[in-house]
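*Asks:* So that we are looking at the same thing, I have put the structure below in structure tokens.
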Amino acid sequence: MVYRTAGTSCESWLKEEVKSGVSYDYLETKTGMETAVNGVYSTMRWYVGGERYYSLTEYGVDYVWEGADGGNKDALNKYGNQLNASFGMLYDFWANAYKGINRANTALMYLPKVGDMTDAEKTAREGELRFMRAYFYFDLVQQFGRIPLLTEGNVSEIKTDFKRASVADVYAFIISDLRQAYEVLPDVAMQADRGRATKWSAANLLSKVYLTRGSAIKDQRGQQPTDMDSTAYFAEAVINSGKFALDSDYSMTFDQDRQKVSSETIWGVEFTNDVLFNGSEGNKMHLYWVPTYEKLPGLQRDLQQGRAWKRMRPTPYLQTQLFDHLNDSRMYKMFSWVFYANKESSIPVWKDKYYYVNENGEETGDLLYETPAELVGKPKFALGDTAAYFIPKYYGAKDYKGAVIDKAKDRQMQLDIAKAPYTLIPIDENTNHFFPCLKKWLDTQRPDMNYEQGGRNFVRMRLGETYLIAAEAYGRKGDFEKAASLINVVRKRAAYKEGEAKPQEWWQIDGGDMANLASSTEKSMLVTPAEISDDFIGFMLDERARETYGEMNRWEDLVRTETLYERVKEFNPDAAPNIKEYHKLRPIPQNHIDRLSPKPSAEEAVSYTHLRAH
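If you read the sequence shown in our numbering, its first letter stands for residue 152, the second for the next number, and so on.
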């Protein structure tokens, strides 16, 4: 589906300026209406067109640390003073979402007037518009709480008197839109015009909305006793529809060659390698998860290994504690742990001697390793060989202040590095430049390494998460047996299969028994009701991290479960000093407040801009 935007005036009711364009009479034609509907979808491109949505959903959480570069870290990862009503990204997000809402409202207003569309066509487009409107409101209410609830189009006047609706009313409206969409959207896995909503994308979003509303204990979201029943109903409707299936291997889920037709994808935003289709920005998510590997000996940037913008890196907790390294294949399949030599001129040669380095980075004169004479002066590796390798375990670990925890392990680490024919980078020694690379967003089909406008799809709903949504609903209802059975579908896929080649780390680093090198780990991956019932929400958050790391939902997961403050305090030392309980909501953007008329009272103004007042 090619997205083109109707040139309508008053495109965003939350902005004062009037935009000129074609007459609204155009929307009373089928061509005009199709253009308007496509314009609603096109607002989804904003999410991945730059350093935007990932900053709002992956910074300031428990499993991500900031990388070396990027301008949003202090505000969003460290919860610094920059996170206030004037922080520009908040308004960009706000404006884009309301742009989509306003386009949907306008299209819904004109849809009944279109003379050259059948009733069936109108009904289908209405379902899509309601789905998209609900999607944007769901994003907004999770980030900002009480927000203006605009439900009708307005093309005759500029509106500036926006009152914020209660969170409960916003959720009720979202659910109403989605249930209507669910009843009328086509019962197919994917429409002929890929990227359009279907019955099942509406059902999947409904399950997540009900789960989010019903997860609240302290917060007031209008939660109902039946929310978990509704969550399970709609999630299982998707699972049992027969339209979708988990990819057989976790590494296939984000394989670029097949991700556009994956049986696991429920809904996503379409991109291609055609710049005319993608618009001016394309999908730039491939940039933000790549370390600065080109700074290491024997390496330079290339298309296969990614362009390093070094924005996001996994925490040691995620790499060393969260996964069962012997049985769960997801960690090794999700990240690039090895970088391969592609620059011959910078390949290092063996030195004759290597000396121990103290905590200040100074050689002590204490001999660590003497190289065999036949190797001295020869290249450590050749083109195509391993040039850099990350070890996913605590190995010569340091505390947060940089002090070595175990001197013996630190010495052994330095010895191993000295003896290795490549650059060995233990997890503890990761910096904000050097860390394993998330592979989920890499785009190797760009014209060249410097080309930023990627063509990967932006997958927003996939079946792996749907199983976990259904499982959480049952666990919250106290049915841990059913919850475990759903979780185990995902964990079975995550296990090593019989005969599957395990990574070298499995036996060299993690202590795997070579006798079991080709054995299935499925049995060890399955969980029992007793194993998950003690701290069920904690387990679900961990499992969601293992399955959906980097898929831009973590901040909202922690807010939804009312665990943001506690988990950030425990696992994110960058954010821990500043985070407060009130950071579960973002401040209403100042740009919006400045346009309000009449102006809010002093008390109302505080409720807009002061985080505690939310």
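Cβ coordinates follow ideal geometry from the N, Cα and C atoms, glycine included.
#1: Curious, which full-length beta strand (DSSP E) runs of at least 3 residues does the stretch 548-580 contain?
#2: Where does Lys-504 fall in DSSP's three states?
#3: Please return the same chain residues whose Cβ sits closer than 6 Å to the Cβ of Asp-267, not counting the five positions on each side in sequence.
#4: Tell me, to the nearest whole angstrom, how far the beta carbon of Met-463 is from that of Trp-440; I am working on the premise that it is less than 8 Å.
#5: Along the chain, where does the alpha helix (DSSP H) containing Trp-216 start, and where does it finish?
#6: Hey, would you say Val-389 sits closer than 7 Å to Trp-351, going by beta carbons?
#7: Is Asp-453 close to chain C, meaning its C-beta is less than 7 Å from at least one C-beta of that chain?
#8: In whole angstroms, what is the alpha-carbon distance linking Thr-302 and Asn-256?
#9: Can you list, in chain order, the residues of its chain with a C-beta nearer than 8 Å to that of Gln-144? Leave out the 5 residues immediately preceding and following it.
#10: To the nearest whole angstrom, what separates the beta carbons of Phe-405 and Lys-590, a pair I think is in contact under 8 Å?
#11: Kindly identify the DSSP beta-bridge partner or partners of Ser-487.
#12: Consult DSSP for Arg-315 and reduce its assignment to one of helix, strand or coil.
#13: Where does Phe-395 fall in DSSP's three states?
#14: I want to know whether the stretch 568-585 touches the stretch 521-535 - three or more CB-CB distances under 8 Å.
#15: With three or more C-beta pairs closer than 8 Å as the rule, is the stretch 331-339 touching the stretch 671-685?
#16: What beta strand (DSSP E) runs, 3 residues minimum, are completely inside the stretch 351-425?
#17: If you count every other CB in all the chains shown that lies within 10 Å of the CB of Leu-518, and 16 or more means buried, which is it?
#18: What does Phe-541 pair with, by DSSP beta-bridge criteria?
#19: So the beta strand (DSSP E) Tyr-647 belongs to, where does it begin and stop?
#20: Where does the unbroken alpha helix (DSSP H) through Arg-718 begin, and where does it stop?
#21: Using the C-alpha atoms, what's the distance from Leu-227 back to Thr-423?
#22: Can the beta-carbon of Arg-705 be found closer than 7 Å to that of Glu-209?
#23: From Thr-574 to Arg-746, what distance separates their C-alpha atoms?
#24: Whose CA, out of Val-265, Ile-325, Leu-300, Asp-320, lies closest to the CA of Phe-289?
#25: Counting beta carbon pairs with one atom in the stretch 278-295 and one in the stretch 311-323, are three or more of them shorter than 8 Å?
#26: Can you look up Thr-515 in the DSSP assignment and give me helix, strand or coil?
#27: With respect to the beta strand (DSSP E) encompassing Val-610, which residues constitute its N-terminal and C-terminal limits?
#28: Between which two residues does the beta strand (DSSP E) containing Arg-464 stretch?
#29: Can you find at least 3 beta carbon pairs, one from the stretch 687-706 and one from the stretch 340-354, that sit closer than 8 Å?
#30: What would DSSP say about Gly-172, mapped onto helix, strand or coil?
#31: Which one of Arg-347, Arg-607, Gln-233, Leu-736 has the shortest CA to CA distance from Gly-190?
#32: For Ile-498, which three-state DSSP category applies?
#33: Hey, would you say Asp-398 sits closer than 7 Å to Glu-421, going by beta carbons?
#34: Let's see if you can read the secondary structure: which residues bound the alpha helix (DSSP H) around Gly-190?
*Replies:* Looking at the coordinates:
#1: 574-577
#2: strand
#3: Lys-181
#4: 5 Å
#5: Unbroken run through Trp-216 is the beta strand (DSSP E), 215-217; no alpha helix (DSSP H).
#6: yes
#7: Here chain C cannot be found, since the structure has a single protein chain.
#8: 6 Å
#9: Nothing can be reported for residue 144, as the shown portion of the chain is limited to 152 through 765.
#10: 7 Å
#11: Cys-588
#12: strand
#13: coil
#14: yes
#15: no
#16: 416-420
#17: exposed
#18: Ile-576
#19: Premise fails: Tyr-647 is in no beta strand (DSSP E) and is neither H nor E.
#20: 715-722
#21: 31 Å
#22: yes
#23: 55 Å
#24: Ile-325
#25: yes
#26: strand
#27: 609-613
#28: 463-465
#29: no
#30: Low local confidence applies: a pLDDT of 49 at Gly-172 is under 50, so the model's placement there is unreliable, with the coordinate-based value given in what follows. Gly-172 falls in the coil class under three-state DSSP.
#31: Arg-347
#32: coil
#33: no
#34: 181-193
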